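According to numbering that gives the first Met the number 0, the sequence shown is numbered sequentially starting from 0. Encoded as structure tokens, the structure appears first; notes follow it.
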Amino acid sequence: MSEHKDQKHLIYATVAIWGLTLVTALLKTTLFARRLGTVTLVSEPKIVRININGVPHQNGRYLETPVSLELEPGKTKLKIMREGYQNYVANLEMNAGAKVTLSEVRLVPKGAGQFVPIEVTGDRISKPYYVEIDKGLLKGETPLVADNLPRKGKHILEVFPQGPRSRVKIRCTFALAEPGHKGSKGANKIKIKISSLSDGTYHFTGCREE
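Right under this line is the structure:
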């Protein structure tokens, strides 16, 4: 009787080992199938926004390329965007663990008259202001000079008086009239100046504080 019980226990143990081996193999297969692929994106212009399968990456902020994106295996649609430029669409078939480089992404301007130069200056010389326009479309320390600010629409200027990693920021907005509309005459260059006041607040010339 005891020998019969031992045989049954041996059978149960063998079945349990086989089952555990099978589950482990299935888990490994599933994990491999789900392993993320990596896409390295290099674009011109370098600062762009990215949609992954219709979802804005990093809440629609502008990012500076090269940038690495981790993607699920399978079909992926990347849309690379920048205001004033035509969208660039890449349809990818990602394998698990694959590494892909998109190095020739060149965005084409929509046409003439899309952009206007901008100059943002400040009254601090030894410690310039760090500023961002339109969620990182243009960014850097004052004086910030660029020639490709989109002419169309309302723009947001954010000032970080204590540096780019500071949570303290001041926000103002400015808008440009459409070409040919009343008020657009003379808008060949946008000039904004930031000044610190004695009471610790700031004053903007050419931008309306919110």
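Even for Gly, the Cβ is constructed at its ideal location relative to N, Cα and C. Here the structure is a predicted model, which is why all the values come from computation and not from measurement.
Asked, Found
"Chain B within 8 Å of V47, Cβ atoms only", "Of the protein chains in the structure, only one exists, and it is not chain B."
"Any non-hydrogen atom of the ligand NAD within 7 Å of G199 CB", "As far as ligands go, the structure on display features none, and thus does not contain the ligand NAD."
"Between the CA atoms of V41 and T200 - distance to the nearest angstrom", "40 Å"
"Cβ distance (whole Å) where E63 is taken to contact I46 below 8 Å", "5 Å"
"Beta-carbon proximity of K192 to P116, cut-off 8 Å", "no"
"Reduced DSSP secondary structure (H/G/I, E/B, other) of N58", "helix"
"Where D133 falls, given that 16 or more other Cβ within 10 Å makes a residue buried", "buried"
"Beta-carbon proximity check, R207 vs L175, cutoff 8 Å", "no"
"C-alpha distance - L143 paired with E43, whole-angstrom precision", "20 Å"
"8 Å contact criterion, which F114 and D146 should meet: CB distance rounded", "7 Å"
"Spatial neighbours of T75 in its chain, beta-carbon cut-off 7 Å, leaving aside the 5 residues before and after", "I51, N52, L91, M93"
"Where the beta strand (DSSP E) through P149 begins and ends", "143-149"
"Paired residues, beta bridge with I132 - DSSP", "L137, L156"
"G59 to Y128 span [Cα, whole Å]", "24 Å"
"Own chain, CB closer than 6 Å to L137, minus 5 neighbours either side, in chain order", "A145"
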